[in-house]
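K.L.:
Have a look at this one before I ask anything.
Number of protein chains: 4
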Amino acid sequence: MATSADAGPIRILITGGTFDKEYDELTGRLFFQESHLPEMLKLGRCGLPLQVRTLMMIDSLDMSDADRRLVVEQCRSAAEHRIVITHGTDTMTETAQMLAGEIQDKTIVLTGAMVPYKFGSSDGLFNLGSALAFAQTLPPGVYVAMNGRFFAAGKVRKNRQTGMFEEQG
Amino acid sequence: MATSADAGPIRILITGGTFDKEYDELTGRLFFQESHLPEMLKLGRCGLPLQVRTLMMIDSLDMSDADRRLVVEQCRSAAEHRIVITHGTDTMTETAQMLAGEIQDKTIVLTGAMVPYKFGSSDGLFNLGSALAFAQTLPPGVYVAMNGRFFAAGKVRKNRQTGMFEEQG
Amino acid sequence: MATSADAGPIRILITGGTFDKEYDELTGRLFFQESHLPEMLKLGRCGLPLQVRTLMMIDSLDMSDADRRLVVEQCRSAAEHRIVITHGTDTMTETAQMLAGEIQDKTIVLTGAMVPYKFGSSDGLFNLGSALAFAQTLPPGVYVAMNGRFFAAGKVRKNRQTGMFEEQG
Amino acid sequence: MATSADAGPIRILITGGTFDKEYDELTGRLFFQESHLPEMLKLGRCGLPLQVRTLMMIDSLDMSDADRRLVVEQCRSAAEHRIVITHGTDTMTETAQMLAGEIQDKTIVLTGAMVPYKFGSSDGLFNLGSALAFAQTLPPGVYVAMNGRFFAAGKVRKNRQTGMFEEQG
Chain A
1 MATSADAGPI RILITGGTFD KEYDELTGRL FFQESHLPEM LKLGRCGLPL QVRTLMMIDS
61 LDMSDADRRL VVEQCRSAAE HRIVITHGTD TMTETAQMLA GEIQDKTIVL TGAMVPYKFG
121 SSDGLFNLGS ALAFAQTLPP GVYVAMNGRF FAAGKVRKNR QTGMFEEQG
Chain B
170 MATSADAGPI RILITGGTFD KEYDELTGRL FFQESHLPEM LKLGRCGLPL QVRTLMMIDS
230 LDMSDADRRL VVEQCRSAAE HRIVITHGTD TMTETAQMLA GEIQDKTIVL TGAMVPYKFG
290 SSDGLFNLGS ALAFAQTLPP GVYVAMNGRF FAAGKVRKNR QTGMFEEQG
Chain C
339 MATSADAGPI RILITGGTFD KEYDELTGRL FFQESHLPEM LKLGRCGLPL QVRTLMMIDS
399 LDMSDADRRL VVEQCRSAAE HRIVITHGTD TMTETAQMLA GEIQDKTIVL TGAMVPYKFG
459 SSDGLFNLGS ALAFAQTLPP GVYVAMNGRF FAAGKVRKNR QTGMFEEQG
Chain D
508 MATSADAGPI RILITGGTFD KEYDELTGRL FFQESHLPEM LKLGRCGLPL QVRTLMMIDS
568 LDMSDADRRL VVEQCRSAAE HRIVITHGTD TMTETAQMLA GEIQDKTIVL TGAMVPYKFG
628 SSDGLFNLGS ALAFAQTLPP GVYVAMNGRF FAAGKVRKNR QTGMFEEQG
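Residue numbers (this note's numbering), protein chains in the order written: chain A, 1 to 169; chain B, 170 to 338; chain C, 339 to 507; chain D, 508 to 676.
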């Protein structure tokens, strides 16, 4: 490929996660409202042909088997061969592993954020930029994109002490 | 490659550009001080093995032939096979083309920003995330990474009406 | 008074509140670390002679009678005649009322924020600017400064539906 | 006064200044578009009764005598007795002095910013909060509100080395 155009359109599936958490000023709690993805893509002056769809808006600790099956189904039925999934970091590696067992012919990249986008200090925009780039260039397979890096599904874990993703067995 | 670790370390060469412009509150003008790259990499919780080096801190409209030869020389002599160059957007495509004529065995990705990082609405973090991802995954060659996309050197221009990068002949 | 200099130095007492909440990226919870007051004063290029002291770093819903007595004691013993207290909004009016019953010879202004300072969309800097101004210009008494307005202690309530402070009784 | 409500409504007159400068991503220059005042008032959850009017959108170095006469005229004819003027910092003290010679029966507060509001590090929100507070509490007269402080017109200068406002003769 000499240009992104050869990679074809990308589908973005939104599932929620820290990425999209808001601060509720009346209760002082974090909650989900609408996704910030469109705003982030605009900020990034993103010029890729994208199809964005919100599947759910949940904390990934609350993601059920049925929720994961929905994600798998949506990846399978998507017309696009390249998919980015925004996802909470706590169970991102589990969803990646389930997807890898079910879908082999598409490039699927899961990403998220350690800090909500609406917080000034969020890693969300950096991660989104890298995930979209990995989705255009990696061969079919399921990957996690965090910390500027990519990891094949099944070979990555979140280090809960450091908050960083790392290779594993 | 199943993980970023297989891609090896990346060198980042800083040349300035809008990325790194600051607001001088005494004169009301934009100027260069130190690069924001380290701060941006920290914000992105970047976990890649990186070597960062500042070559110059200039507006790319002020980049001379001697400056460009320095960039080429630094790319050639770098031990790393993957290089990201931060660069002003106005002449980014020129520098890319000169690099492509000189270096064929490394993956070199130029990126920048339309809005200074210190402005809340900057695309810099998004572009940096994508450039680092492209540097890990694209085959040897020289590329421009802007707007979430990549373009081979010599096949890209900046549209000065829209501020977007696009394919050309 | 023709200038702030005539108002004399101001003491700032920090008690925590939403103002100073941080996002813990490992647990996804909001917590207190250090106060952002010094950073906010620097951002505001504040040129006032100030004495800043942290008394506690708590949610105002957790403020005990002993905590409030400490605040009263600190206001009483302060050498300064003008005092600003940063405080959680939930019980700000209660602390104001207790202070008003105990101290009559100083100008005391309580302020806070609906959204943490570290969130991009915080009202904290606006409120801090107004509280410091009210502290310089209002006669002795205890006041709440929120929403760009001031209210005498005992004549204000937080409307929990709107999050705005308003006159009462 | 026991509450802001007794101070009556405030008129805000916008003249431009650093406050309202934007970054033009196509030319790399700072320019004026629309005022950010409404956005700033919303961020501050401002609950004051306000009348906002844009008189001009210029750098205060470009402010002519005719421009200043317009500002004086607008202050004179305003129904409100309390007025805040947003103004570039370079000639803020000059406009204040002209106003002081013409209008004695209203409280007029000029404020501005050293860094554009759209830059993350702006002092604008802090200054706006303090200016609105000073406008509610100071007796009739013309004042400059910067650095958390107020100064009577004619007794203040901008220190061009430090960017801070200070008393003078």
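The beta-carbon is built from N, C-alpha and C at its ideal position, and this holds for glycine as well. Bear in mind the structure is a predicted one, so any value in this text is a computation, not a measurement.
1. On the DSSP letters alone, give me the boundaries of the alpha helix (DSSP H) that residue 25 of chain A sits inside.
2. Going residue by residue through the region 50–132 of chain A, where are the continuous alpha helix (DSSP H) segments of at least 4 residues, counting only ones entirely within it?
3. In chain D, what lies closer than 7 Å to residue 194 of chain B by C-beta?
4. Suppose contacts are defined by Cβ-Cβ distances below 8 Å. Is residue 363 of chain C in contact with residue 163 of chain A by that definition?
5. Within a Cβ cutoff of 6 Å, which residues of the same chain sit near residue 373 of chain C, ignoring the five residues on either side of it in sequence?
6. So for residue 520 of chain D, helix, strand or coil by DSSP?
7. Are the CB atoms of residue 378 of chain C and residue 481 of chain C within a distance shorter than 8 Å?
8. When you compare only the Cα positions, how much space is there between residue 457 of chain C and residue 271 of chain B?
9. From residue 330 of chain B to residue 316 of chain B, what does the alpha carbon distance come to, in whole angstroms?
10. Which partner residues of residue 652 of chain D appear in the DSSP bridge assignment?
11. Check this for me: beta carbons of residue 652 of chain D and residue 616 of chain D, under 8 Å apart or not?
12. Can you list, in chain order, the residues of its chain whose CB lies under 6 Å from that of residue 98 of chain A, leaving out five sequence neighbours each side?
13. Give the interface partners of residue 127 of chain A over in chain F, defined as CB-CB distance under 9 Å, in chain order.
14. For residue 305 of chain B, which residues in the same chain have their Cβ closer than 6 Å to its Cβ, ignoring the five residues on either side in sequence?
15. For the ligand ADP, is there any heavy atom lying closer than 7 Å to the beta carbon of residue 19 of chain A?
16. Just checking, does the region 290–298 of chain B make contact with the region 121–132 of chain A on the three C-beta pairs under 8 Å criterion?
17. Return the residue from the list B:275, B:273, B:269, B:259 that minimises the CA-CA distance to residue 282 of chain B.
18. Quick check: residue 324 of chain B and residue 2 of chain A, are their CB atoms within less than 8 Å of each other?
19. Return helix, strand or coil for residue 356 of chain C, following the three-state DSSP convention.
20. Starting from residue 158 of chain A, trace the beta strand (DSSP E) both ways and give me its first and last residue.
21. What did DSSP end up calling residue 306 of chain B once you bin it into helix, strand or coil?
22. With DSSP run on the structure shown, which of helix, strand or coil describes residue 555 of chain D?
23. What is the rounded straight-line gap between the Cα of residue 290 of chain B and the Cα of residue 256 of chain B?
24. Can you tell which of D:573, D:601, D:567 has the C-alpha that lies nearest to the C-alpha of residue 659 of chain D?
25. Looking at the structure shown, is residue 34 of chain A part of a helix, part of a strand, or coil, going by DSSP?
26. What separation, rounded to the nearest whole angstrom, lies between the Cα atoms of residue 310 of chain B and residue 139 of chain A?
27. Looking at residue 165 of chain A: is its Cβ nearer than 8 Å to the Cβ of residue 302 of chain B?
28. Residues of chain B with a CB under 9 Å from the CB of residue 667 of chain D: which are they?
29. Would you say residue 255 of chain B faces chain D, with C-beta separation under 8 Å as the test?
30. Name the chain C residues that come within less than 8 Å of residue 658 of chain D, Cβ to Cβ?
31. Under 8 Å, Cβ to Cβ, is there at least one residue of chain A near residue 458 of chain C?
32. Return the residue from the list C:396, C:412, C:398, C:371 that minimises the CA-CA distance to residue 390 of chain C.
33. Exposed or buried, which one is residue 618 of chain D when buried takes at least 16 other CB atoms within 10 Å?
34. Under a CB-based cut-off of 8 Å, is residue 265 of chain B close to chain A?
P.N.:
Here's the rundown:
1. Translated into the one-based positions of the first sequence, residue 25 of chain A becomes position 25. Residue 25 of chain A -> no alpha helix (DSSP H), and no H or E assigned at all.
2. 65–77, 92–102
3. Locating residue 194 of chain B in the second sequence gives position 25, where the first residue counts as 1. Under the 7 Å cutoff, chain D gives 621, 622, 670.
4. For the purposes of this step, residue 363 of chain C is taken as the residue at position 25 of the third sequence. For the purposes of this step, residue 163 of chain A is taken as the residue at position 163 of the first sequence. Residue 163 of chain A is positioned such that its CB atom lies closer than 8 Å to that of residue 363 of chain C.
5. In the third sequence, residue 373 of chain C corresponds to position 35, counting from 1. Cβ neighbours of residue 373 of chain C beyond the five flanking positions: 352, 358, 392.
6. Position 13 of the fourth sequence holds residue 520 of chain D. The answer is strand: DSSP assigns residue 520 of chain D an E or B state.
7. Here the question's residue 481 of chain C lines up with position 143 in the third sequence. Here the question's residue 378 of chain C lines up with position 40 in the third sequence. No, the Cβ-Cβ distance between residue 481 of chain C and residue 378 of chain C is not below 8 Å.
8. Taking the third sequence and counting its residues from 1, the one referred to as residue 457 of chain C is at position 119. Taking the second sequence and counting its residues from 1, the one referred to as residue 271 of chain B is at position 102. Going by the C-alpha atoms only, they are around 46 Å apart.
9. For the purposes of this step, residue 330 of chain B is identified with residue 161 of the second sequence, where counting begins at 1. For the purposes of this step, residue 316 of chain B is identified with residue 147 of the second sequence, where counting begins at 1. Between the alpha carbons of residue 330 of chain B and residue 316 of chain B lies a distance of about 15 Å.
10. By 1-based counting over the fourth sequence, the position of residue 652 of chain D is 145. Answer by DSSP bridge pairing, in chain order: D:657.
11. Reading the fourth sequence from its first residue, position 145 is the one you call residue 652 of chain D. Reading the fourth sequence from its first residue, position 109 is the one you call residue 616 of chain D. Against a cut-off of 8 Å, the Cβ pair of residue 616 of chain D and residue 652 of chain D comes out as a contact.
12. Stepping through the first sequence from its first residue, residue 98 of chain A is reached at position 98. Hits under 6 Å: 68.
13. Judged by its chain identifiers, the structure shown contains no chain F, and its protein chains are A, B, C and D.
14. The count along the second sequence starts at 1 and reaches residue 305 of chain B at position 136. 173, 176, listed in sequence order.
15. You won't find the ligand ADP in this model; it holds no ligand whatsoever.
16. yes
17. By 1-based counting over the second sequence, the position of residue 282 of chain B is 113. Selected option, being the one with the closest Cα: B:259.
18. Looking up residue 324 of chain B in the second sequence gives position 155. Looking up residue 2 of chain A in the first sequence gives position 2. It is a contact, given that the beta carbons lie within the stated cut-off.
19. The sequence position of residue 356 of chain C within the third sequence is 18, counting from 1. Residue 356 of chain C: helix per DSSP, three-state reduction.
20. For the purposes of this step, residue 158 of chain A is taken as residue 158 along the first sequence, with counting starting at 1. Residue 158 of chain A -> beta strand (DSSP E) spans 156–158.
21. In the second sequence, counting from the first residue as 1, residue 306 of chain B sits at position 137. Note: residue 306 of chain B maps to helix in three-state DSSP.
22. Numbered from its first residue, the fourth sequence carries residue 555 of chain D at position 48. Correct three-state label for residue 555 of chain D: coil.
23. Position 121 of the second sequence, counted from the first residue, corresponds to residue 290 of chain B. Position 87 of the second sequence, counted from the first residue, corresponds to residue 256 of chain B. Their Cα atoms are separated by approximately 18 Å.
24. Along the fourth sequence, one-based indexing puts residue 659 of chain D at 152. Nearest option by C-alpha distance: D:601.
25. Position 34 of the first sequence holds residue 34 of chain A. It is coil, neither helix nor strand.
26. Working through the second sequence from its first residue, we reach residue 310 of chain B at position 141. Working through the first sequence from its first residue, we reach residue 139 of chain A at position 139. About 18 Å.
27. Taking the first sequence and counting its residues from 1, one reaches residue 165 of chain A at position 165. Taking the second sequence and counting its residues from 1, one reaches residue 302 of chain B at position 133. No, Cβ-Cβ distance for residue 165 of chain A and residue 302 of chain B is not below 8 Å.
28. The count along the fourth sequence starts at 1 and reaches residue 667 of chain D at position 160. Per Cβ cutoff of 9 Å: 195.
29. Looking up residue 255 of chain B in the second sequence gives position 86. Chain D contact via Cβ: absent.
30. As a first step, residue 658 of chain D is located in the fourth sequence; it is residue number 151 there, counting from the start. The contacting residues are 340, 341, 342.
31. Taking the third sequence and counting its residues from 1, the one referred to as residue 458 of chain C is at position 120. Answer yes: the Cβ-Cβ gap between residue 458 of chain C and chain A drops below 8 Å somewhere.
32. Start at 1 with the first residue of the third sequence, and residue 390 of chain C comes out as number 52. Taking only the C-alpha atoms, the option nearest residue 390 of chain C is C:412.
33. On the fourth sequence, position 111 is the one that residue 618 of chain D refers to. Buried.
34. For this step, residue 265 of chain B is matched to residue 96 along the second sequence. So, not an interface residue.
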